[in-house]
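One structure below.
Residue numbers (my numbering), protein chains in the order written: chain C, 1 to 248; chain F, 1001 to 1298.
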């Protein structure tokens, strides 16, 4: 690194301007405190369509008791922090997982449980199962094994808590930042008309997580589909024009 | 006027902090019964801060936002009408009947908010919750009415004074045991513990009224739970356990009332809504009516 870095004149946004809030001590202290609390209170939504579900009752109940580190089961994606995918996902259930994941509120974390979520496991040559979970939703951590024992589940929860405390578990931001890539992989499985009720791009815009990878040729397909639907809304429909987003 | 300002600030604050303790106790007792270690001491605070620190929030419209204000506002107002040691608040101005009315506000607020979520699980949950309210409120109102007749007043401060003047022998639980027992059963239903938690039913209707609540909305519900346990404990203590002479005794009584409920809740399954109404209108109502008859006979 002898000479200075080249200055790119026509791309001023390449250096992100730091807003005042990020530099203030108050914000940093509050963020640190929030991370501290986030790491110690984790509600888990168990997505138990695979065989791994059988390992979770001992993890929750008296033998291993995960409530003593602040982890408790929750039943709806709205309230949950962790989406725990136990075992294999068929292509049909992956759709439901994505719907559930998008309904969760950020910061949210995904844990892939068992080899099936890592590389397909014993279903590696099945036509109906998903081989790599992290191609479709951002997985923060995986637990290897078939089956992983409750000790392994606890270990990975403790690791996740460490990561959250250090502000490193940011898979949920990756989903906003690289939505186009994730959506592309989803479309490869489910077809071009695949869409979810959650408007991820609008969320990314609203909360300031818009990046270069948020929109691309895959999200254009969403807009194309929206155009198609919008064109079929009657002219005099009162909601017409509200929240309308069309292809540029 | 200035004395009221201190009351308005400190009474809800004390209620919240005590409520955190009650929630922790409920979770710890449950853990001990299941032979677990249970959550750490600061767990209720971690949960609430975490929920308020969520970075995305889902609102289901203006009614959803307002309902949260009704929830918390209803309970905070209720705290100001409840006399505790050192603070009388508005207990001298408004009486027990005002308090009973105010305590309906949070549940109705929740119903309005859940209605705007358009989630069928939420609608089922809230209709069950309001039915449950109909079930436990009748024995509770009978117990409250009987107590008021026995004391000859609806003023909470006077009720506490009457009981404290005569010592434990003049406590409501000693002078009208049937009413106190019926009231205790109704209070158990009011807390929404098993076997009366069909409207939450996590595995069947995904926590019912709370199903669409996320982030700070859920955080508000966690705070509401603190207020709810405290309010119920304090009302029962005031009516039947002699109110508070000083803080240690007072808190011990409030914790005891909630403890009875959380200690027995774990051995039960869940009643269906119609079974619950039948049970509530048969046993607690019957016992409370018998107590009321005794009070009227004296």
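Cβ coordinates follow ideal geometry from the N, Cα and C atoms, glycine included.
| Within 7 Å, strictly: CB atoms of residue 1081 of chain F and residue 1099 of chain F | Taking the first residue of the second chain as position 1, residue 1081 of chain F is located at position 81. Taking the first residue of the second chain as position 1, residue 1099 of chain F is located at position 99. Contact flag set, yes.
| message | In the DSSP assignment, the alpha helix (DSSP H) including residue 250 of chain C goes from what residue to what residue? | response | A question about residue 250 of chain C goes unanswered here, because the residues of chain C that appear run from 1 up to 248.
| Can you tell which of C/119, C/137 and C/157 has its C-alpha closest to the C-alpha of residue 129 of chain C? | Locating residue 129 of chain C in the first chain gives position 129, counting from the first residue. Residue 129 of chain C has its Cα closest to that of C/119, out of C/119, C/137 and C/157.
| message | Using a 10 Å radius around the Cβ and a threshold of 16 neighbouring Cβ atoms, would you call residue 1061 of chain F buried or exposed? | response | As a first step, residue 1061 of chain F must be located in the second chain, where it is residue number 61. Residue 1061 of chain F comes out exposed.
| query | What span of residues does the alpha helix (DSSP H) with residue 221 of chain C cover, start to end? | reply | The sequence position of residue 221 of chain C within the first chain is 221, counting from 1. Segment 217-230, the alpha helix (DSSP H) holding residue 221 of chain C.
| field | Inter-residue Cα distance where the pair is residue 48 of chain C and residue 117 of chain C | value | In the first chain, residue 48 of chain C corresponds to position 48, counting from 1. In the first chain, residue 117 of chain C corresponds to position 117, counting from 1. Straight-line Cα distance between these residues: approximately 13 Å.
| Between the Cα of residue 210 of chain C and the Cα atoms of C/91, C/67, C/36 and C/178, which residue gives the shortest distance? | Translated into the one-based positions of the first chain, residue 210 of chain C becomes position 210. Comparing Cα positions, the closest option is C/178.
| For a contact meaning CB atoms closer than 7 Å, what does residue 70 of chain C contact in chain F? | Sequence index remark: in the first chain, residue 70 of chain C carries index 70 (1-based). Listed along chain F are 1039, 1040, 1043 and 1046, each with a C-beta nearer than 7 Å to that of residue 70 of chain C.
| task | Could you tell me whether any Cβ in chain F is nearer than 7 Å to the Cβ of residue 151 of chain C? | result | Here residue 151 of chain C refers to the residue found at position 151 of the first chain. No, no contact with chain F.
| message | If distances are taken between C-alpha atoms only, which option among F/1237, F/1128 and F/1103 comes closest to residue 1074 of chain F? | response | Here the question's residue 1074 of chain F lines up with position 74 in the second chain. It is F/1103.
| task | Check whether the segment 127-141 of chain C touches the segment 194-210 of chain C, counting contact only when three or more Cβ pairs, one atom from each stretch, lie closer than 8 Å. | result | Too few Cβ pairs lie closer than 8 Å, so no.
| query | Nearest to residue 1146 of chain F by alpha carbon, out of F/1113, F/1167 and F/1182? | reply | For the purposes of this step, residue 1146 of chain F is taken as the residue at position 146 of the second chain. When only C-alpha atoms are compared, the closest one is F/1182.
| request: Under 7 Å between beta-carbons, which chain C residues line up against residue 1215 of chain F? List them in chain order, please. | output: Looking up residue 1215 of chain F in the second chain gives position 215. The answer, in chain order, is 105.
| request: Would you mind stating whether residue 222 of chain C and residue 192 of chain C have Cβ atoms separated by less than 7 Å? | output: In the first chain, residue 222 of chain C corresponds to position 222, counting from 1. In the first chain, residue 192 of chain C corresponds to position 192, counting from 1. Taking 7 Å as the Cβ cut-off, residue 222 of chain C and residue 192 of chain C do not qualify as a contacting pair.
| query | Over what stretch of residues does the beta strand (DSSP E) that includes residue 141 of chain C continue unbroken? | reply | Counting from one through the first chain, the residue named residue 141 of chain C turns up at place 141. DSSP places residue 141 of chain C in the uninterrupted beta strand (DSSP E) bounded by 141-143.
| message | Quick check: is the beta carbon of residue 1202 of chain F nearer than 7 Å to any beta carbon in chain C? | response | Within the second chain, the letter at position 202 stands for residue 1202 of chain F. Interface residue, yes.
| message | Going by DSSP in three states, residue 1207 of chain F sits in which element: helix, strand or coil? | response | Position 207 of the second chain holds residue 1207 of chain F. Reduced to three states, the DSSP call for residue 1207 of chain F is coil.
| DSSP three-state call for residue 1167 of chain F: helix, strand or coil? | On the second chain, residue 1167 of chain F is found 167 positions in, with the first residue counted as 1. DSSP, reduced to helix, strand and coil, places residue 1167 of chain F outside both helices and strands of the structure shown, so it counts as coil.
| Limits of the unbroken alpha helix (DSSP H) element including residue 72 of chain C | Counted from its first residue, the first chain places residue 72 of chain C at position 72. Counting along the chain, residue 72 of chain C falls outside any alpha helix (DSSP H), though it belongs to the beta strand (DSSP E) covering 71-74.
| Can you tell me whether residue 1057 of chain F is buried or exposed, with buried defined as 16 or more other CB within 10 angstroms of its CB? | For this step, residue 1057 of chain F is matched to residue 57 along the second chain. Burial call: exposed.
| Interface residues of chain C around residue 1054 of chain F at Cβ under 8 Å? | The residue given as residue 1054 of chain F occupies position 54 in the second chain. Correct list: 105, 106 and 107.
| task | Kindly indicate which three-state DSSP category residue 52 of chain C falls into: helix, strand or coil? | result | Counting from one through the first chain, the residue named residue 52 of chain C turns up at place 52. Correct three-state label for residue 52 of chain C: helix.
| Who are residue 129 of chain C's beta bridge partners in DSSP? | Numbered from 1 along the first chain, position 129 holds the residue referred to as residue 129 of chain C. DSSP output for residue 129 of chain C lists C/90 as bridge partner(s).
| task | Label residue 1051 of chain F either buried or exposed according to how many other C-beta atoms from any shown protein chain fall within 10 Å of its C-beta, with 16 as the threshold for buried. | result | Reading the second chain from its first residue, position 51 is the one you call residue 1051 of chain F. Its Cβ being crowded by 16 or more others within 10 Å, residue 1051 of chain F is buried.
| task | Determine the burial state of residue 1278 of chain F: buried for a count of at least 16 other Cβ atoms within 10 Å of its Cβ, exposed for fewer. | result | As a first step, residue 1278 of chain F must be located in the second chain, where it is residue number 278. When all chains shown are included, residue 1278 of chain F counts as exposed.
| request: Just list the alpha helix (DSSP H) runs in the segment 1034-1096 of chain F, keeping only unbroken ones of 4 residues or longer that don't cross its boundaries, in chain order. | output: With a minimum length of 4 residues, the continuous alpha helix (DSSP H) runs that stay inside the segment 1034-1096 of chain F are 1043-1052 and 1062-1080.
| query | So what does residue 113 of chain C bridge to, in DSSP terms? | reply | What you label residue 113 of chain C is simply residue 113 of the first chain in a count that begins at 1. Note: residue 113 of chain C is bridge-paired with C/86 and C/143 in the DSSP secondary-structure output.
| task | Take the Cβ of residue 107 of chain C as the centre, count every other Cβ of all protein chains shown within 10 Å, and call the residue buried at 16 or more, exposed below. | result | Residue mapping note: residue 107 of chain C aligns to position 107 of the first chain, counting from 1. Burial call: buried.
| query | Taking the C-alpha atoms as reference points, what is the distance between residue 1251 of chain F and residue 170 of chain C? | reply | On the second chain, position 251 is the one that residue 1251 of chain F refers to. On the first chain, position 170 is the one that residue 170 of chain C refers to. In a straight line, the C-alpha of residue 1251 of chain F is about 43 Å away from that of residue 170 of chain C.
| Closest Cβ-Cβ distance between residue 1032 of chain F and chain C: below 7 Å? | Numbered from its first residue, the second chain carries residue 1032 of chain F at position 32. Using a CB distance cut-off of 7 Å, residue 1032 of chain F does not count as an interface residue toward chain C.
| request: Provide the residue span of the alpha helix (DSSP H) that contains residue 1294 of chain F, from first to last. | output: Taking the first residue of the second chain as 1, we reach residue 1294 of chain F at position 294. Its alpha helix (DSSP H) spans residues 1273-1297.
| said: Rounded to the nearest angstrom, what separates residue 64 of chain C and residue 1295 of chain F at their Cα positions? | reply: Along the first chain, one-based indexing puts residue 64 of chain C at 64. Along the second chain, one-based indexing puts residue 1295 of chain F at 295. Looking at the two C-alpha atoms, the distance is approximately 52 Å.
| task | Apply the 10 Å Cβ neighbour rule to residue 30 of chain C and answer buried if 16 or more other Cβ atoms are within range, or exposed otherwise. | result | By 1-based counting over the first chain, the position of residue 30 of chain C is 30. Around the beta carbon of residue 30 of chain C, a 10 Å sphere encloses fewer than 16 other beta carbons of the protein chains shown; the residue is thus reported as exposed.
| Which value, in whole angstroms, describes the spacing of the CA atoms of residue 1153 of chain F and residue 1159 of chain F? | Indexing the second chain from 1 puts residue 1153 of chain F at position 153. Indexing the second chain from 1 puts residue 1159 of chain F at position 159. Rounded to whole angstroms, the gap between the alpha carbons of residue 1153 of chain F and residue 1159 of chain F is 7 Å.
| Could you give the distance in angstroms between the alpha-carbon of residue 149 of chain C and the alpha-carbon of residue 44 of chain C? | Residue mapping note: residue 149 of chain C aligns to position 149 of the first chain, counting from 1. Residue mapping note: residue 44 of chain C aligns to position 44 of the first chain, counting from 1. Distance between the alpha carbons of residue 149 of chain C and residue 44 of chain C: 17 Å.
| Classification of residue 1197 of chain F by the beta-carbon crowding that lies within 10 angstroms, buried from 16 upward | The residue you call residue 1197 of chain F lines up with position 197 of the second chain. Buried, because 16 or more other Cβ atoms sit within 10 Å of the Cβ of residue 1197 of chain F.
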